[in-house]
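Following: one structure in structure tokens, then a few remarks.
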Amino acid sequence: MEMPAVIRRRTRLSPEARREQLMQCAIEVFSKRGLGRAGHAEIAELAQVSVATVFNYFSSREQLVDSVLIQIEDFFSNMVRKSFIDLAGQPSKSAHQAIHDYLADFVEAAINNPQFTYIWLEWSSSIREDTWPRYLALLDNNIAIISNKIEPAIASGEINTYLTTTEFARSLSNQGYMILQLVNQPQAMDKESIIEFLEKYVTSALAKA
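Below, the structure written as structure tokens:
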């Protein structure tokens, strides 16, 4: 029996809301199926819409992958900026505090937004011709932001390290792999213990002046 028109209208979404719904479903599907396998059909099934509807918003698989990677880029770029770029009018945080905040935010993401971190993990470790250069651009940008915060701390003596500024920034950027291992162990440590361990590990190459 056909549903009353009023019910059909209530289930309709605006184009903006529908796109947001499909984007959320795409993140979920890509986190499980991977960049090379996820497609329109799985997203349609999860969103309970037709495959044609998904194609209306993402006209090709290339556009679909691009849209997902934009979400991942924004998520991790914002994480780095939040930790390592001081806001105008706010007290400047120390380099050690910025490092702590970044590690804590990544652990938080691995626990509460695992889909984003799973896609990041595959993207950053799968050298695919169509997506690898784009990941390297994201990595280089994040390393530059971290370096801008760390370099003055090294120059002022706040931080002593055996690594160059860029080497340390690269090392910090790659802590995501260890974070995902720690968070996803069968007998995982609690969040605070993971953050404490990571901070000790990362700062083992540093010494407070």
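Positions 249 to 457 (our numbering) are the ones given, in order, by the sequence shown.
Glycine is no exception: its CB is placed at the ideal position from the N, C-alpha and C atoms.
In the three-state DSSP reduction, T379 falls in the coil class, being neither helix nor strand.
Short of 8 Å from the beta carbon of K341, and not among the five residues preceding or following it, lie these beta carbons of its own chain, in chain order: D334 and D349. Counting C-beta atoms within 10 angstroms of its own C-beta, S331 has 16 or more neighbours from the protein chains shown and is therefore classed as buried. Scanning the segment 305 to 363 from its first residue to its last, the whole alpha helix (DSSP H) runs of 4-plus residues come out as 309 to 332 and 343 to 360. Here K448 is exposed. Its C-beta has fewer than 16 other C-beta atoms within 10 Å. Restricting attention to R266, V328 and I367, the CA atom closest to the CA of N396 is found in V328. By the 16-neighbour rule on beta-carbons within 10 angstroms, Y425 is exposed. With a contact defined as Cβ atoms closer than 8 Å, I391 and A417 qualify at about 5 Å. Note that the C-beta distance between F364 and F323 is below 8 Å.
Ranked by Cα distance from A300, the first of N389, L270 and V316 is L270. Under the three-state reduction of DSSP, G284 is assigned to coil, being neither helix nor strand.
Proximity of the segment 353 to 361 to the segment 305 to 319 falls short of the contact definition, fewer than three beta-carbon pairs being nearer than 8 Å. S298 and L369 have their C-alpha atoms some 30 Å from each other. Per the C-alpha coordinates, the member of M437, L387, E293 and D378 positioned closest to Q311 is D378.
In this structure, I359 sits away from S279, with a CB-CB distance that is not shorter than 8 Å.
Around the beta carbon of W380, a 10 Å sphere encloses fewer than 16 other beta carbons of the protein chains shown; the residue is thus reported as exposed.
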